[in-house]
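**Student:** Position 31 (the sequence shown) corresponds to 44 in the numbering used here; numbering is contiguous.
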Amino acid sequence: MTGVSGPVGGRRHGNLLRAARERVVIANAYFFPGYRLVRALREAARRGVDVRLVLQGQPDMAIARTAASTLYRHLLKAGVRIFEYRQRALHGKVALADEEWATVGSSNLDPLSLALNLEANVVIRDRAFNAVLHAHLERLMREHCREVDAA
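1) Identify which residue in M154, A33, E35 and L30 has its Cα closest to the Cα of I95.
2) Taking one C-beta from the region 44-59 and one from the region 84-95 each time, how about it: are there three or more such pairs within less than 8 Å?
3) When DSSP labels each residue in this structure, what does A144 get in the three-state scheme?
4) Measuring alpha carbon to alpha carbon, tell me which of R65, D111, L30 and S120 ends up nearest Y49.
5) Can you list, in chain order, the stretches of the beta strand (DSSP E) that have 3 or more residues and sit fully within the region 48-104?
6) Compute the beta-carbon to beta-carbon distance between L103 and L146, rounded to the nearest angstrom, for a pair I have assumed lies under 8 Å.
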């Protein structure tokens, strides 16, 4: 049921995003994805997948917000919904796709996590776990985040 895998932005998970049919939710403290992941997120949203990102609203490093926000317009235009967590520093690193696949781990979507840091994620293929994680993320978005407006 579970296994250790690379980060959600790796090549293997890019394929998973391309296969998603219903929903993709990614919560990451730092969001500096590569071209492949940005393309996969945009393509998923354009084909009707509910793609949501929960990102740091008040990062501990100003450059982190600047870097992430440079992608906002590009992603929003494709239909990706972006939610900024506003309570405190966000250190979550989770993702889910459709109703069965989820990952929890130490990987951010940044070049260090993806290429240089020693990171690990656990991949869980379990509908019950996915449903609980999805409910927690929905509540987090509703109660503790601000949705980013394209304007």
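Note that the Cβ used here is the ideal one computed from N, Cα and C, for glycine as well.
**Tutor:** Here's the rundown:
1) M154
2) yes
3) helix
4) One detail in the question is off: residue 49 reads as Arg in this sequence, not Tyr. If we check each option's Cα against that of R49, L30 comes out closest.
5) 63-69 and 94-98
6) So it is not a contact: roughly 15 Å between Cβ atoms.
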